[in-house]
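A.B. asks: Structure in C-alpha cells, see below.
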Amino acid sequence: MLISLILGVIAAFIIGLVIGLSVRKSSKNLSTELDETKKLLTHYQNTINEHVHKTHEIMENIYQQFSELQKHSQEYSVKLNLDPSRQSLLQPKAYRDKEKTHQLNNEPQYPKDYAAEGEEKQ
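Per the numbering used here, the sequence shown starts with residue 36, numbered consecutively.
Here you go:
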C-alpha cells in the first residue's frame, strides 16, 4: 500500500511537471502573439495617422484653390460687367424682350393666343 502511495505521488508529480511546462510554453506563445499583435496595431495606427494627415493637407489645398477661384471669379465678374453695353445682358431675357418691343411699337403686346380678332396672328 505504501508502494502504491509512493507511485501515485511520483505519477502526480510527473503529470504536474508536464502540465506546468506546457502551460509555460503556451504562456510564452501567448506573450509572443500579444507582442506581434501590438506591433501590428501600432503599424495600423501609424498608417491611419499618415492617411488622415495627407487627407488634411489635400483638403486644405483644395480649400485654398477654391478660395482663389472664387476671388478671381468675383473680380472679373465686376470688371467684365462695368461696360454699359453689357449691362443689358444682365437683365432677364423677358425684360430685354419687353424693352425692345416697347421701344419699337410703344404699344402693348398681347400674347399670340389671345390676340384681338382684328390683329394678324403670327
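The C-beta atom is built at its ideal place from N, Cα and C for all residues, glycine as well.
Only counting runs of 4 or more residues, tell me where the alpha helix (DSSP H) segments fall wholly within the segment 49–133, in order along the chain.
C.D. replies: Counting whole runs of 4 or more residues, the segment 49–133 contains the alpha helix (DSSP H) stretches 119–122.
A.B. asks: Just to confirm my understanding: we take L40, look at its own chain, exclude 5 residues before and 5 after, and list those with CB closer than 6 Å. What are they?
C.D. replies: Closer than 6 Å at Cβ, skipping near neighbours: no residue.
A.B. asks: From K106 to S112, what does the alpha carbon distance come to, in whole angstroms?
C.D. replies: Roughly 10 Å separates the two Cα atoms.
A.B. asks: To the nearest angstrom, how far is it from the Cα of T82 to the Cα of I45?
C.D. replies: T82 and I45: Cα-Cα distance of roughly 55 Å.
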